[in-house]
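Under our numbering, the first residue of the sequence shown carries the number 1313, and numbering increases by one thereafter.
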Amino acid sequence: MKFQRPRGTNDLTPEQSPLWRYLRHLFEQISTQFGYVGVDTPVFERTELFTRTVGEDTDVVAKEMYTFADRKGRSLSLRPEATAGVVRLVVENSLLASGGTHRLCYWGPMFRYDRPQAGRYRQFHQLGVEAFGTGGAALDAETIELFVTLLREVGLSDLKVTLGSVGDDACRPGYIEILRKFLAGKGDVLCKTCLTRTGSNPLRVFDCKVPGCREAIADAPKILDHLCDDCRTHMDHVGELLQTAGISVEIDPSLVRGLDYYTRTVYEVHYPSLGAQSALGGGGRYDGLVEQCGGPATPAVGFSAGIERLILAIQSEGTLSEKDWKSRGAYLCLMCAGAEAAGGRIAAHLREAMPVEVDYTGRGLKAQLKTANNRGARFAILLGEDEIANRTATLKDLDSGEQKVLSEEQLLTLIKTWIAGETRQSGL
Ligand code: HAM
């Protein structure tokens, strides 16, 4: 019997994992440079955490959540997103008691039951940041700058950054009433879900994908025309700060995001050539969420990016090559019986400096070198009878084809010198 992975999920194969690892390393490096510290939360939480924060009327909760009862009958859900769990972590661990700004970041799998297609999966991965403690536009701009820094670093230049606002307690209720009145006049064309949402949560009507509903709401009043001065100024200020940082933004009056917890400024970053699933990530401010989850009233902002989509974009842009993400180490070819001990000793030394893979297969040298090249190794180190007898090794430069016989000590020194030279050249 042969099994297949569940629909909408992906395997991470040895072919793909080096690029994932490279991206994760880069994200950790950049988020560290911006002062963000890593956190992790369980992949399942109490269902209520999501229904109360992401919102019962959202597609994510109403249609896409994997919800199940555990053996004691408690309702749990696989996390469809990370922000709610991070807010729970922050409150449960009293992280905000010390005041100041708290900058957190994460990377991990999320789950949404949706119709799978390129760039949309049932298990997918997000990286993201959440920053707590200040309500000013500078923190929003910082999160977007971090995101764009990551995208530029992986060679993505054709980006579209959009800003919008969902208002706050001062201006949103007024707008909701205006929208509700507008929707009431469309009762005969809206789908059943939109009719319900008109009563319970009219903003969510904008998430509907039914063509008739989309047409009906095309000329609906826009929240941007009904923002209070504070919300408008906040969004404009985020745009100005980004402009100063060299990031151009567009205002998108219909950007309302698909999750209920947002307040004020929201944003998305698109890579248009990905087509239908072009949103690499999105986020925004959620100033009421910490208090709603039992913590002290604390403004906050963050974003998440879809890692599968980032990978698709990197591959389609093609400015990075395998050389950028494959770790180029040494491949140790054992060419005679009894070479394991010397091989082990040399490998242990060299691993101080670079990754080393040892070939124990006993195959001929040609086959071993072929594997070394396939792995993208920088050097092959050959250990045959002569080398063992003389405590030497033959170092083969797989880029130039040159080779030299060296003592074990010389070998390590040479590799360390080579690495220092590479590092100098790359300016690190
Ligand atoms: P979101 O817009 O729902 O926001 O998701 C963020 C990103 O995750 C999307 O732009 C997309 O790249 C990726 N994504 C979402 N669903 C899928 C899927 N089914 N398959 C593949 N990729 C997907 C959030 O999740 C918020 N938590 C963002 C946030 C953080 N807001 C504040 N802080």
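Every residue, glycine too, gets a C-beta built ideally from N, C-alpha and C.
I'd like to confirm the pairing. Which residues does DSSP put opposite residue i in its beta bridges?
i       : result
Cys1645 : Asp1671, Leu1694
Thr1575 : The partner list for Thr1575 (beta bridge, DSSP) is empty, contrary to what the question assumes.
Glu1442 : Leu1416, Gly1614
Glu1580 : Thr1474, Gly1594
Gly1349 : According to the sequence provided, residue 1349 is Val. The question's Gly does not apply to it. Answer is Leu1416.
Gln1429 : Arg1432
Ligand 1 heavy atoms versus the CB of residue i: any closer than 7 angstroms?
i       : result
Ala1394 : yes
Ala1617 : yes
Tyr1348 : no
Asp1323 : no
Leu1571 : yes
Tyr1418 : no
Gly1688 : no
Asp1480 : no
Gln1438 : yes
Gly1411 : no
Glu1620 : yes
Arg1432 : yes
Asp1500 : no
Ala1591 : yes
Arg1424 : yes
Tyr1579 : no
Glu1442 : yes
Gly1656 : no
Gly1595 : yes
Gly1607 : no
Gly1367 : no
In chain order, what residues of the same chain have a beta carbon less than 6 angstroms from the beta carbon of residue i, not counting five sequence neighbours either side?
i       : result
Val1561 : Val1473, Leu1475, Gly1551, Leu1554
Gln1429 : none
Ala1608 : Looking at the sequence itself, residue 1608 is Pro, so the reference to Ala does not match. For Pro1608, where only same-chain residues beyond five positions count, the Cβ hits under 6 angstroms are Leu1408.
Lys1708 : Ala1692, Gln1715
Leu1539 : Ser1477, Gly1479, Cys1483
Lys1314 : none
Leu1740 : For Leu1740, the predicted structure reports a pLDDT of 45, less than 50, and the residue's modelled location is therefore unreliable. A value from the coordinates is still provided. Excluding sequence neighbours, Leu1740 sits near nothing in its chain.
Phe1346 : Leu1458
Arg1509 : Asp1369, Arg1516, Val1517
Pro1565 : Lys1534, Leu1536
With residue i as the anchor, note down where its beta strand (DSSP E) starts and where it stops.
i       : result
Ile1535 : Neither: Ile1535 is in no beta strand (DSSP E) and is coded neither H nor E.
Cys1503 : Here Cys1503 belongs to no beta strand (DSSP E), and DSSP marks it neither H nor E.
Arg1597 : 1591-1597
Pro1421 : 1414-1423
Ala1612 : 1612-1618
Phe1380 : 1379-1381
Using a Cβ-Cβ cutoff of less than 7 angstroms, which residues in the same chain neighbour residue i once the five nearest sequence positions on both sides are dropped?
i       : result
Gln1627 : none
Ser1719 : Arg1703, Thr1704
Ala1617 : Gln1438, Leu1439, Gly1440, Phe1459, Leu1592, Gly1593
Under a three-way DSSP split, which group does residue i fall into?
i       : result
Pro1523 : helix
Glu1360 : helix
Arg1386 : coil
Thr1683 : helix
Leu1740 : At Leu1740 the pLDDT is 45, less than 50, meaning the model places this residue with poor confidence and gives no usable figure here.
Thr1706 : strand
Thr1729 : helix
Thr1321 : coil
Leu1475 : strand
Phe1436 : strand
Gln1328 : coil
Gln1555 : helix
Gln1722 : helix
Gln1341 : helix
Arg1569 : coil
Pro1514 : helix
Met1547 : helix
Lys1635 : helix
Got a sec? Which residues, its chain only, sit under 8 angstroms from residue i by beta carbon, not counting five neighbours each side?
i       : result
Val1478 : Arg1484, Leu1515, Ile1535, Val1568, Arg1569, Tyr1574, Thr1575, Arg1576, Val1578, Gly1596
Ile1559 : Ile1456, Glu1457, Val1460, Val1473
Ala1665 : Leu1724, Ile1727, Lys1728, Ile1731
Thr1413 : Ala1443, Phe1444, Gly1445, Thr1446, Leu1451
Arg1319 : Pro1428, Arg1434
Gly1397 : Thr1353, Pro1354, Glu1357, Leu1361, Arg1391
Pro1330 : Glu1634, Trp1637, Lys1638, Ser1639
Between residue i and chain B, is there a C-beta pair that is closer than 8 angstroms?
i       : result
Lys1716 : Absence of chain B from the displayed structure is noted, only one protein chain being present.
If you follow the alpha helix (DSSP H) that residue i is in, where does it begin and where does it stop?
i       : result
Val1717 : Element bounds for Val1717: not the alpha helix (DSSP H) but the beta strand (DSSP E), 1715-1719.
Val1561 : Run containing Val1561: none in the alpha helix (DSSP H); it sits in the beta strand (DSSP E), 1561-1563.
Gln1604 : 1601-1604
Gln1392 : It should be noted that the sequence gives Pro, not Gln, for residue 1392. Note, Pro1392: premise wrong, no alpha helix (DSSP H); not H, not E.
Phe1494 : 1484-1496
Glu1376 : Segment: none, Glu1376 is in no alpha helix (DSSP H) and carries neither H nor E.
Mind checking whether the beta-carbon of residue i lies closer than 7 angstroms to any heavy atom of ligand 2?
i       : result
Tyr1598 : The model on display carries ligand 1 but not ligand 2.
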